[in-house]
Amino acid sequence: MTATAPSTRSRPRALTFGNVWLSVALVAILFIYPFVFGKAMNFGISTLLFAGFAMSWNILGGWAGQTSLGHAALLGIGAYSMTLLATPERLPPFLTSPLAPWWGALIGMVIAVAVAAVWGWLTFRLQGSYFALSSIAVALVIRLVVINSNWTGGAEGLFMPDLPKFFGFDLFDRETEYWLAFGFVVLTLVITHLIRRSRMGYALQAVREDEDGARALGIDPARMKLLAFMLSAALMALGGSLYALYLQAFEPHTILELPLSIQIALLAIIGGRTTIQGPLVGALVLSIFGEVFRNVFSNANLLIYGVLILLVTLFAPQGIMGLFNRAGSKLGTAR
Amino acid sequence: MDQVAVTAFFQTLVQGLLTGGLYALIGTGLSLIFGVMRVINFAHGDFLAIGMFITLLLFKTFNIDPYLSLLVAAPLGFGLGYFIQRFVLSRLGDRLSEGSMLATLGLGLIISNSLLLGFGAQPQSINVPYAINTFKFAGVQVSVSLLIAGLGTVLAISALNLVLYRTELGRAIRATAQNPLGAELQGVKTSNIQAIVFGVGVSFAAIAGVLLMPLLYTFPTVGENYVTKAFIVTVLGGLGNLPGAIAGGLVLGVIESLGAFYVSNNYRDAYGLIAFLLVLLLRPEGLFGKTVKRV
Amino acid sequence: MTAPTQFPELTPLPGQPVHAPSGPPILKAENITVRFGGVVAVGDISLAVRPGEILGLIGPNGAGKTTLFNALTGFVTPSGGRVTYNGRDITNMQPQARAKLGMARTFQVERPFEDLSVLENVLVAAFLKYRGTKAEDHAYAVLERVGLADRATQPAAQLNLARRRRLELAKVLALEPKVLFLDESIAGLNPPGQQEMVALIRTLAHSGLAIVMVEHIMHVIMSLSDHVICMAFGELLAEGDPHEVAAHPDVIRAYLGDDND
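So, in structure tokens, the structure goes:
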């Protein structure tokens, strides 16, 4: 039994990048946005950041099927590392260059990966809702440590210090921040497309559906889930450092809390966790909803999340993208 | 040993046990729901918040004594729970576990954000003179409202036990918990039983909310703190294990109280979380009981 | 009720058992015991299988066949005994590592990855030995071999039972195993489906695979196996040539029930 030469030219293919054109269209909209809505930059940046968070979450939550309700902690690691290390006094002199804050972002990613490795190694033996429960607990413990430590700024949180110009770009300029966040979203989207076509992507889907079935095919579920978690954590931390730039000042009560973790998870699930663009679509839809109803709901904006997740679990387990795909396949254009 | 130190120890212990009693009440509701339906109710803390806000509302508008609100909150909680299980959660069919987790998470968000719209974000409390009284018993200061809460817990849990083990309804509930299909074949209307159980669970959360109101401030997202407590309690006791939930509640109360007093008050919430993680990882069946099926 | 002395008529199936080449066994299990709490699910079973040989495992429901299977494939750690593969002790090796060595199994209740297409299901397995489009080519070739190529793009969830079974087989074949464990791949299929599956299994043995199969249907085992092991209540009841085992009074009693069964 050896590999056979490709049989027919027209045979079906499984190894594709998925629906690239849809992603290109979505990215195009995001690209045009600042030229059309140049005044509403804050909305644009936060939408992009949350889209990126949801995409990052989805590598673990969607592809590996592990519902984490503690991802805010990883985001926080990025935000804190960036901010703490952007302060010149905390850095060795040879690092105080325009690149300085980016060392913080990079270190944040490394720390997040290390934390995810230990976290996953400890809790991946738990299944389904039990994993979700444990992720809440781990994130809350991390939050308590941050609140009760001095070097993290305690319960008051941190201010982003003045940053050197980044090759001529002012990092506190909303336009610069928009393009950074845009880059973050594109990065997560590209990575997701690459996963879709990879051995890892198929292994993750197999693990998500049936761990024993995957094991029988030579896949190590613990290893795959850990890989997904570490990749997810690295991206969350990267996004977290951009979030810190955007917020300029933050405290543990905004950046490490359970509702933020829940919000990120729900964006992805409402959008469609088993699809490539689902988390992005979820973030766009919910941001727009939130903006439209801002005057009605003010700070009760998570009400929409509650209603939508309830509708999704009841009527559309594959999320918004799942509905699109179903409608699409009825029209005869399979995904 | 030093007399002062001994008194301080007992003071801390009693405080912990009384708080633990409330945790037990919250946890029992959650554990009952899990035991019968295998649903982890993420909205549990928000049902507790509903209990608190009912008390607040009745007190503020009609000046009704907080403990009398039990007469409203308990049946209202039951009805709400019954309705939710019957018309929402039961529709999830066999897509359990994750589906019900997300659905209850959504319900929780709907409740807490509706409270936010209705009552605003600022913390509110009620002022009942007798509730802030304390009395001394054998050198130990006991808060009256905490003691009432403890008594309320004992009553509620005893009543639940009576129903579960002395009545036909209880028999049907236990049968549904053990084997829904078998119970159905025996003529038990399991969908009705499940709705009743969810109602009882929610009712317990609402009762706990009422009992807490004279003690604490309330705010729309107060449930968040208590849903984590409820998870800790039930995991310590073993999910679905009712006596375990009671013991788990007491253990959590005591751990928090002793930890806060002897180690550090700042990490009060961490002790329970760490115990929770350890139990989840090392003894998923809980500290006490037999193995409960993992989801 | 008295135990009948004759075993029910065997339905003949075409072909003959593949006669195993002599030589060292590729997989050997010695004195495997599995206990769950106080219950002995498998007690002291030994077996060996050579390349090209088909070993049949039979026994009434609850005899411990699937548990033995799980112990051999690493899904259950045996409480006692030893499993060796090509002379290497693999008793405590994880299933995924065994798959890499060349051991593959199917499950009694077939479990395709339902969100994935038929081709993608096989692709997951093909990635064990191949990368990139090579893996895809390989997966498609295996589908052609088991006759599922025309269903390649269909979601696995939509397959009927017979095709699900073939998909299971395609997945394990894509692993290019040396030893194949088949857990009731034939039971439940209609007669033509059974014939096809039997023929396929026989071809596989001819190509040099060692096959261990659990099967409920006596005549399938009889017409395929070189060697048969019959278990009841976790213990070895009889072992040997298929027809000897079938005629063994204990086996007949176990299958057809005692007075108070």
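Chains as they are written, first to last, in our numbering: chain R, 1 to 335; chain E, 1 to 295; chain G, 1 to 261. Glycine included, every Cβ here is placed at the ideal spot set by N, Cα and C. The structure displayed is predicted, hence computed values, not measured ones.
In this structure Gly201/E is in contact with Gly81/E, their Cβ atoms being roughly 6 Å apart against a cut-off of 8 Å. Between Arg223/R and Gly61/R, the C-beta spacing is not below 8 Å. DSSP places Val83/G inside the beta strand (DSSP E), whose first and last residues are Gly80 to Tyr85. The shortest CA-to-CA distance from Val179/G to any of Ser46/G, Ala156/G and Tyr85/G is the one to Tyr85/G.
Ala300/R and Gly120/E have their alpha carbons spaced roughly 9 Å apart.
Against chain G, the CB of Pro12/R has a partner CB under 8 Å away; the residue lies at that interface. When secondary structure is reduced to three states using DSSP, Thr313/R falls in the helix class. Secondary structure at Ala187/G: coil, using DSSP grouped into helix, strand and coil. Judged by DSSP secondary structure, Thr33/G falls within the beta strand (DSSP E) whose first and last residues are Leu27 to Phe36. Listed along chain E are Glu98, Met101 and Leu102, each with a C-beta nearer than 9 Å to that of Thr67/R. In the structure shown, Val49/G falls within a strand segment according to DSSP collapsed to helix, strand and coil. If you ignore the 5 residues before and after Pro123/E, its C-beta comes within less than 8 Å of the C-beta of Tyr217, Thr218 and Phe219, all in its own chain and listed in chain order. For Asp173/R, the number of other beta carbons within 10 angstroms of its own is below 16, and it is reported as exposed.
Between Ile54/G and Ala205/G, the gap from beta carbon to beta carbon is short of 8 Å. Scanning the stretch 206-288 of chain E for uninterrupted alpha helix (DSSP H) segments of 4 residues or longer gives 223-237, 242-262 and 268-282, listed from N- to C-terminal end. Between Gly306/R and chain E, the shortest Cβ-Cβ separation is below 8 Å. Per DSSP, the beta bridge partners of Glu235/G are Ala232/G. Under the 8 Å criterion on CB atoms, Glu114/G is classed as interfacial with respect to chain R. Neighbours of Phe127/G in chain R, taken as residues whose beta carbon is under 8 Å from its own, are Arg199, Tyr202 and Ala203 in chain order. Along the stretch 138-166 of chain R, none of the residues has a CB nearer than 8 Å to a CB of chain G. Take Phe289/R, set aside five residues on each side of it, and the residues of its chain with a beta-carbon closer than 6 Å to its own are Ile304, in chain order. Sixteen is the threshold: since fewer than 16 other Cβ atoms of the shown chains lie within 10 Å of the Cβ of Gly187/E, the residue is exposed. Of all residues in the stretch 305-329 of chain R, only Tyr305, Gly306, Val307, Leu308, Ile309, Leu310, Val312, Thr313, Leu314 and Pro317 place a beta-carbon less than 8 Å from a beta-carbon of chain E.
Under the criterion of beta carbons closer than 8 Å, Ile45/R and Ser81/R do not qualify as touching, at roughly 20 Å. Around the beta carbon of Ile320/R, a 10 Å sphere encloses 16 or more other beta carbons of the protein chains shown; the residue is thus reported as buried. For the pair Ala14/R and Ser117/G, the CB atoms are nearer than the 8 Å cut-off.
By the neighbour-count definition (other C-beta atoms within 10 Å, threshold 16), Val76/G is a buried residue. About 24 Å separates the Cβ atoms of Tyr67/E and Leu252/E, ruling out a contact at the 8 Å cut-off.
When C-beta atoms of the stretch 249-269 of chain R are compared with those of the stretch 62-79 of chain R, three or more pairs fall below 8 Å, so the two segments count as touching. Remark: three or more beta-carbon pairs, one from each stretch, lie closer than 8 Å, so the stretch 55-72 of chain G and the stretch 233-240 of chain G are flagged as touching. The CB of Thr153/G comes closer than 7 Å to the CB of Pro12 in chain R, given here in chain order. Membership of Thr134/E in the beta strand (DSSP E) is indicated by the continuous run Thr134 to Phe137. Nearest CB-CB separation between Arg283/E and chain R: not below the 8 Å threshold. Between Phe182/R and Leu30/R, the CB-CB gap stays under 8 Å. Its chain contains Leu169 and Gly170 as the residues whose beta carbon lies nearer than 7 Å to that of Val163/E, once the 5 sequence neighbours on both sides are disregarded; these appear in chain order. In the three-state reduction of the DSSP assignment, Ile58/G falls in the strand class, which pools E and B.
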